[in-house]
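Everything on this sheet refers to the single structure shown next.
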Amino acid sequence: MRLRALLDTDALGLRLLGGEDELDRTVRGVMTTDLRDPSRYLSGGELVLTGIAWRRDAADSEPFVRLLVQAGVAGLAAGEAELGNVPEDLVVACVRHRLPLFAVHESVAFATITEHVVRQVSGERAGDLAAVVDRHRRMMTSGPAGGGPDVVLDLLGSDLDLRAWVLSPTGRPIAGPKVAGPGLPADTCAKLAAEHLAAARTGRRGPHRVTLGSSTYSLFPVRSSGRSPQASRDVRETVLSDWLLAVEADAGDWPEERLDLLRGVTQLIAVERDRRDAARTVRRRLAQEVLELVQTGAAPAEIAARLRVAAPVLLPGLGAAPHWQVVVARVEWQDGDLEGGPVAQSLLEEILVDPSATGPEPSDRIAVAHTGDEAIALVPLPAVSTEHDGSEAGILADALLESVRDPLSAGLDDDGRVTLGVSASVHSAEGLRGALEEARHARRVAAARAGRVCAAGHQELASHVLLLPFVPDDVRRAFTARLLDPLRDYDRRHRAELIPTLEAFLDCDGSWTRCATRLHLHVNTLRYRVGRIEQLTSRDLSRLEDKLDFFLALRMS
């Protein structure tokens, strides 16, 4: 029963003194005490009844309430018979610790409240257990065959009134309730996935409870049906690819029978996950064969023949020879004792699914091979369109990074790193080798950047900025110090803002008028600052070579 139900029962004579926002807490039992420290007799979820005989002065309320909160009680009901009213210091302590506090009228015996709570809790447990047993049987006999995880999620909704979603490790919705109602927003999915991955890295047993806004979710890991939590040698082998079941409910107050039911649901979903993994075997083999041909320098005609075989498998029903993109991923762990290739392979198979693709199996259109710590994905593009800016549509590194960065960073914790490189699209076997090298080169650019998850695309390979990550650190430091340290020192002593002025001047292509307008300065003041920059560095900002040196120094600093 909920605390709120106690207020709705007039015979109990309860009056709420604080904690209105916490009235949805579940009451699992009741205890009467006047001990100064009753925590040893509490197991959590109780409504504590007290006559306040433990209180000698106002200083006693704070430690008493703190002990109750640490024990996880649902609420506190204080009798008014002894003191005539509930002391203000007790009210303040409960408000501080967010513990719901009720006043019990002097005409109401604690035995009346105890009998009511016990009767309600016992009846609910008996009814819930009987219902859970029956629902468990129905779900287990239904299984995911024919309808995928949606069948099980629909039963959760109709029989237990629970809304639940199956999410990928980066928060991509895989399955959800078919009943009418809003789905989970993309940012909520990503946050839930991040919380799940962070909890998985700690080794804590699910479900993991997360509160986002006004909603509480319980996250259950979905593991391979043939693997127990301890079966994997290392949690890092699967943490970036395991699915999760997100239930919109607080499982913290559930009986063990209901938790067992939800764990059974995750096992049914895991069967579906295993089926999809098995179906990927053929696509993995095709990708491995094409990759070996490309890397060994096979004739384009031979590669084209293999692609013609692969196209019907990867693009069922489309028939037309697709364009292709190559995506390269590398997963590295700090201690270096875990091969990253298989992890990167499973990860790419999850994150390269197009959320807008129609049909139940959009992941059928991706083939991923791996070698060492690197995974390589062949992504077919059935129809390559052109965006408004003239670039070809397909996988974009920036968009891919934005969708996976936060969840994966949580799963990588402090000892892992993922770097991604994306090629341009190619339409022939002749271009496939170049696309592979392009994706690998883009990944190396991403690897030179800071962050747990980094990505780079083919567009960046045409920029001079590409050269900067490969400059040795000691050279970068010496170059930037020689040019910028005199300006930084001067700014520190005189607050002259020479560095911001230099950045704005270069960004305005040396235009005095535009730069002065941007900085809200008179042109003469701007000319004075630029002259001071030239004097301190012995450079001439009218010369292209010196402008370029300053530009590179600012980029590398």
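The numbering used here runs 10 ahead of the 1-based position in the sequence shown.
All C-beta atoms, glycine included, are put in the ideal place defined by N, C-alpha and C.
In the DSSP secondary-structure assignment, Q335 is bridged to V389. DSSP places C525 in the helix class (H, G or I) of the three-state scheme. V245 carries a helical assignment under DSSP once its states are collapsed to helix, strand and coil. Around the beta carbon of S438, a 10 Å sphere encloses fewer than 16 other beta carbons of the protein chains shown; the residue is thus reported as exposed.
Within a 10 Å sphere around the beta-carbon of E205 sit 16 or more other beta-carbons, which makes this residue buried.
Counting other Cβ atoms within 10 Å of its Cβ, P510 stays below 16 and is therefore classed as exposed. Judged by their CB atoms, A466 and A407 are nearer to each other than the 8 Å cut-off.
Beta-bridge analysis with DSSP links R233 to no other residue.
By the Cβ neighbour-count rule, T43 is buried, with 16 or more other Cβ atoms within 10 Å of its own.
Distance between D550 and K557, taken at the CA atoms: about 8 Å. Non-local C-beta neighbours of R25 in its own chain, meaning closer than 6 Å and more than five positions away in sequence, comprise A113, ordered along the chain.
When secondary structure is reduced to three states using DSSP, T122 falls in the helix class. Assigned with DSSP and collapsed to three states, S435 falls in coil, not helix or strand. Per DSSP, the unbroken beta strand (DSSP E) holding I184 starts and ends at P183 to A185. Sixteen is the threshold: since fewer than 16 other Cβ atoms of the shown chains lie within 10 Å of the Cβ of V319, the residue is exposed. A direct Cα-to-Cα measurement between S435 and A514 gives close to 36 Å. For the pair V176 and I62, the CB atoms are not nearer than the 8 Å cut-off. Our two residues, D425 and R182, have alpha carbons roughly 24 Å apart in a direct line. In the displayed model, C464 falls within a strand according to three-state DSSP. Counting along the chain, T60 sits inside no alpha helix (DSSP H); it lies in the beta strand (DSSP E) bounded by residues E56 to T60.
One thing to note: A68 has its Cβ within 8 Å of the Cβ of D99. If you draw a straight line from the Cα of V257 to the Cα of R528, it comes to about 51 Å. Per DSSP, the continuous alpha helix (DSSP H) segment holding A457 begins and ends at L442 to A457.
Considering only L254, A261, A200 and L442, the residue with the shortest C-alpha distance to R233 is L254. In the structure shown, M11 falls within a coil segment according to DSSP collapsed to helix, strand and coil. DSSP places R106 in the uninterrupted alpha helix (DSSP H) bounded by E98 to R106. Taking C-beta separations shorter than 6 Å and ignoring five residues to either side along the sequence, the partners of Q355 in its chain run V378, H380 and A385, following chain order. Beta-bridge annotation (DSSP): M566 is not paired with any residue. It is roughly 13 Å from the alpha-carbon of D559 to the alpha-carbon of I543. Looking at the DSSP output, A488 sits in no beta bridge, so it has no partner there. DSSP places H218 outside any alpha helix (DSSP H); the residue lies instead in the beta strand (DSSP E), whose first and last residues are H218 to L222. Each of P187, E125, S228 and S178 was checked against the Cα of S168, and the nearest Cα belongs to P187. In this structure, the beta-carbon distance from E447 to P310 does not fall below 8 Å. Around the beta carbon of H468, a 10 Å sphere encloses 16 or more other beta carbons of the protein chains shown; the residue is thus reported as buried. Note: H504 is not bridge-paired with any residue in the DSSP secondary-structure output. Taking a cut-off of 8 Å for Cβ pairs, the region 194-209 and the region 218-233 touch, as three or more such pairs fall below it.
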